[in-house]
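The opening position of the sequence shown corresponds to residue 451 in the numbering used here, with each subsequent residue numbered one higher. For each residue, glycine too, the CB sits at the ideal point set by N, CA and C. Structure first, then comments.
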Amino acid sequence: MPDVAIATPNEAAADAGEAVARAGGNAVDAAVAAALVTMVNEVGLVSLSSGGFVTVQPASGGTPYTVDGWMDMPGRGRELGGGTWDVHTEYGGGVDVTIGPGSVAAHGSVAALEQAHARDGSLPWREVVAPAADVARGGFRLSAASRYYLDYVHDSIFGWDDASRAAVHDEQGEVVTDRVVVPDLARSLDLVADEGAAVLHTGELAALIADDVIARGGILGREDLAAYSPAVRNSLTTRVGGWTLATTPPPSVGGVCVAAMLRLLDGRPHERWTPEDVEWLVRVQRAVLAHRLQVLDTAPDLEADATAYLDLVDRSSLQALESGSTAHCSATDSEGRACAVTVSSGYFSGMIARGTGIWLNNTLGEQELNGRGLHTLPPGSRLMSNMAPTVGRHADGSVLAIGSPGAGRIATAIAQVLAGFVGGLPLQEAVHHPRVHVHDAGRATEVVKRESDEGLTMYYGGVAATLLRPDGRLVAAADPRREGAVRVVRRAAS
């Protein structure tokens, strides 16, 4: 079996990755197992009703690919509209969120994980899913990120549905502080282990989810889940120094932004960030994020517009261009595989589908990702995403997996860590380094937000990265901004 390095958002997810690696699994097995655990214990961030992307660097220098398991617009054969309401939360600096049964999109993350596992995993699917089922069965402690989010929305989002309220509140109506057990969730995961992702699209769980959503006034029907299929796409590649980096292509706008930022940074920093490098970074973010807000977020053909934009980046100087909540797991192994997984359920619709224990997503209600408005896309359309799980391979044989949660800060977090690492910082130091983010770039409300060494916060993301060095040594780095956890599993220690 290969040695495996794993970086995850919490200890239980890292434990799952380690257990799978010790059983003979590779980087893909470990990353998938860890991601499934986050769908249990990262409440408010991700669940089985989620979308995501898996970017894989196959062993021995194979061609990288991305499995697009992001969510589809539902509503086939139905009148769209209704079943939603808006709430405002001060979480993340203040955000308006649309929730309710009408905000639930067609999920796809488990199908994407299964696809990546089928292509490059080594252990049986059941063994990869088992740790998540065990966590659900035994109960779990809320992660720091979950607890932080629920402190803001435990009543407004998680309080209107009886099953949801009971799961996250104690007898005094406060967010539960000890073990959380969600009825039916372990059984749902057992079904996923036995029947695969199909149970969430054409099987028992699909029927339970769709029927409950429709009964409560939503638009996600059985036919929407049955028609869903993950897509394997060529990764979007960018060369930086000796690295070839592969990230998510459209419809993830996050990968486009990461690629554009890295190209415009033009080799900065070199070894250490200087004040001049940071100011250049701000200018780069302003240019890229403003273009996203003004063009990409409402583009009728995102793939064509993204390609044209990256062509312009390659031809032009920076001067010519200026004008969610997620969970991420990374794994790399000694055979040269790298797997980066980012998954999200948005801000959550607030409802648990009856008989499943599964909190349902609100991706249709993520207002920052739906620039054209609620329920405006044709049913079956793939929605837009901020996600950018990224893998890389260096000319010297090094292999990297990296990604981050953080909604609109995903691209800026990943680009800054990659720029620092490629520029000469050790991986953990590059992850730890204070970040900047240009909020509302190009608008009258633009604010340049800057971290300090003493004030690292999860607002700026939660990067998880793993590295195979040319000497064969494995490195894992987790972000102090979240409860990041790492493992390195070596053959000799198994």
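Span separating the alpha-carbon of Ile456 from that of Gly531: Here residue 456 refers to the residue found at position 6 when the sequence shown is read from its first residue. Here residue 531 refers to the residue found at position 81 when the sequence shown is read from its first residue. Each residue's Cα considered, the two are about 42 Å apart.
Cβ-based neighbour list, Ile668, same chain, cut-off 6 Å, excluding 5 preceding and 5 following: The count along the sequence shown starts at 1 and reaches residue 668 at position 218. The residue you asked about is not Ile; residue 668 is Gly in the sequence shown. Hits under 6 Å: Gly533, Pro551, Gly552 and Val554.
Close-in-space but distant-in-sequence residues of the same chain around Glu772 (CB under 7 Å, 5 per side omitted): If you number the sequence shown from 1, residue 772 lands on position 322. The predicted position of Glu772 is uncertain, since its pLDDT is 49 and thus under 50; a value taken from the coordinates is nonetheless stated next. Same-chain partners within the cutoff: Arg733, Arg736 and Ala737.
At least 3 beta-carbon pairs within less than 8 Å: the segment 782–797 vs the segment 873–880: No: fewer than three Cβ pairs fall under 8 Å.
Helix, strand or coil at Asn684 [DSSP, three-state]: Against the sequence shown, residue 684 aligns to sequence position 234. Three-state DSSP puts Asn684 in a strand.
Sequence-distant residues of its chain with Cβ nearer than 6 Å to Ser606 (five each side left out): Taking the first residue of the sequence shown as position 1, residue 606 is located at position 156. So the qualifying residues of the chain are Val537.
Contained alpha helix (DSSP H) runs [length at least 4] in the segment 552–610, N- to C-terminal order: 559–570, 575–588 and 594–603
Simplified DSSP state of Trp723, which is helix, strand or coil: Position 273 of the sequence shown, counted from the start, is the residue given in the question as residue 723. Note: Trp723 maps to coil in three-state DSSP.
Status (buried if at least 16 other CB within 10 Å, exposed otherwise) for Val703: The residue you call residue 703 lines up with position 253 of the sequence shown. Per the 10 Å Cβ criterion, buried.
Reduced DSSP secondary structure (H/G/I, E/B, other) of Val745: Numbered from its first residue, the sequence shown carries residue 745 at position 295. Three-state result, Val745: coil.
Cα-Cα separation, Leu409 to Met837: Summary: the structure shown does not reach residue 409, with the chain confined to residues 451 through 944, and so no result is reported for it.
Inter-residue CB distance, Gly671 and Ala657 (contact presumed, cutoff 8 Å): On the sequence shown, position 221 is the one that residue 671 refers to. On the sequence shown, position 207 is the one that residue 657 refers to. The Cβ separation is near 10 Å, so there is no contact.
Straight-line gap, Glu933 to Pro855 (C-alpha atoms, nearest Å): Here residue 933 refers to the residue found at position 483 when the sequence shown is read from its first residue. Here residue 855 refers to the residue found at position 405 when the sequence shown is read from its first residue. Each residue's Cα considered, the two are about 13 Å apart.
Beta-ladder partner(s) of His778, from DSSP: If you number the sequence shown from 1, residue 778 lands on position 328. Beta-bridge pairing links His778 to Thr792.
Same chain, Cβ closer than 7 Å to Val945, five either side skipped, listed in chain order: The chain is shown from 451 up to 944; residue 945 falls before or after that span and cannot be answered.
Per-residue burial, Met489 [other beta carbons within 10 Å of its own, 16 or more giving buried]: As a working mapping, residue 489 is identified with position 39 in the sequence shown. It counts as buried.
Coarse secondary structure for Thr840, derived from DSSP in three states: Your numbering for residue 840 matches position 390 in the sequence shown. Three-state DSSP puts Thr840 in a strand.
Residue environment, Ala928, which counts as buried when at least 16 other CB atoms sit within 10 Å: What you label residue 928 is simply residue 478 of the sequence shown in a count that begins at 1. The residue in question, Ala928, is buried, as its Cβ has 16 or more Cβ neighbours within 10 Å.
C-alpha distance - Gly544 paired with Tyr602, whole-angstrom precision: The residue you call residue 544 lines up with position 94 of the sequence shown. The residue you call residue 602 lines up with position 152 of the sequence shown. Spanning the two alpha carbons is a distance of roughly 10 Å.
4 or more residues per run - each alpha helix (DSSP H) lying fully within the segment 640–708: 654–665 and 672–677
Sequence-distant residues of its chain with Cβ nearer than 6 Å to Pro514 (five each side left out): Locating residue 514 in the sequence shown gives position 64, where the first residue counts as 1. Cβ neighbours of Pro514 beyond the five flanking positions: Gln507, Ser685, Ala696 and Val841.
Any 3 or more C-beta pairs closer than 8 Å across the segment 605–619 and the segment 802–813: yes
Backbone CA spacing between Asp620 and Gly609 [nearest angstrom]: Your numbering for residue 620 matches position 170 in the sequence shown. Your numbering for residue 609 matches position 159 in the sequence shown. CA-CA distance, Asp620 to Gly609, rounds to 12 Å.
Range covered by the beta strand (DSSP E) that runs through Ala457: The residue labelled residue 457 in the question sits at position 7 within the sequence shown. Ala457 -> beta strand (DSSP E) spans Val454 to Thr458.
Span separating the alpha-carbon of Val663 from that of Thr548: Here residue 663 corresponds to residue number 213 of the sequence shown, with the count starting at 1. Here residue 548 corresponds to residue number 98 of the sequence shown, with the count starting at 1. Taken atom to atom, the span from the alpha-carbon of Val663 to that of Thr548 is near 15 Å.
Host beta strand (DSSP E) of Ala880 (start-end): As a working note, residue 880 is residue 430 in the sequence shown. Counting along the chain, Ala880 falls outside any beta strand (DSSP E), though it belongs to the alpha helix (DSSP H) covering Leu877 to His882.
Supposed close pair Ser848, Leu918 - CB separation, criterion 8 Å: By 1-based counting over the sequence shown, the position of residue 848 is 398. By 1-based counting over the sequence shown, the position of residue 918 is 468. Between Leu918 and Ser848 the Cβ distance is about 6 Å, and since that is below 8 Å, they are a contact.
Identified DSSP bridge partners for Tyr515: By 1-based counting over the sequence shown, the position of residue 515 is 65. Beta-bridge pairing links Tyr515 to Val506 and Asn684.
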